[in-house]
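When we follow the working numbering, the leftmost residue of the sequence shown carries the number 145, and every step to the right adds one.
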Amino acid sequence: AKILKDVAHQVKSLERQLRAQNSEVSQLSAKHEDVRRKLSMSTNIISEHELKKLFHERNTLNNHVSKLQSRLFALKSSLEQKDRFAAEAQEGKSHLEKENEMLRKELEDIRKAQNSQKAVPLLLLL
């Protein structure tokens with residue numbers, strides 16, 4: 145009977161310990177869940193902050209790209225305009241060279257005519 149009494153006492157003691165440990169496990173589980181929830185929220189906050197930062201960087205880069213595209217378009221237009229002016233200048237130069245050559249020939253013809261007119265009276269004098 146004493147052994148049964150001791151065993152029953154040990155069983156009750158173990159049941160109390162088990163209930164205490166179950167209670168502790170429940171508390172730790174609740175704390176763990178709370179920590180996990182807080183950690184999840186803080187990661188979300190960090191992620192949202194990082195996301196906002198990335199959006200800001202993206203917008204900054206998009207603005208910079210837009211400005212560069214505008215400058216590139218302006219430079220292309222300027223280059224096309226310079227190319228047109230160069231082509232027009234080359235056409236003008238070619239035209240002036242042809243005109244200059246024609247005038248040179250006319251001047252040469254006039255000089256020849258003048259020289260032949262001078263030569264005729266000299267021949268008449270002989």
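For each residue, glycine too, the CB sits at the ideal point set by N, CA and C.
- In the three-state scheme derived from DSSP, where H, G and I count as helix and E and B as strand, residue 152 is classed as helix.
- Rounded to whole angstroms, the separation of the alpha carbons of residue 261 and residue 243 is 27 Å.
- When DSSP states are grouped into helix, strand and coil, residue 231 belongs to the helix group.
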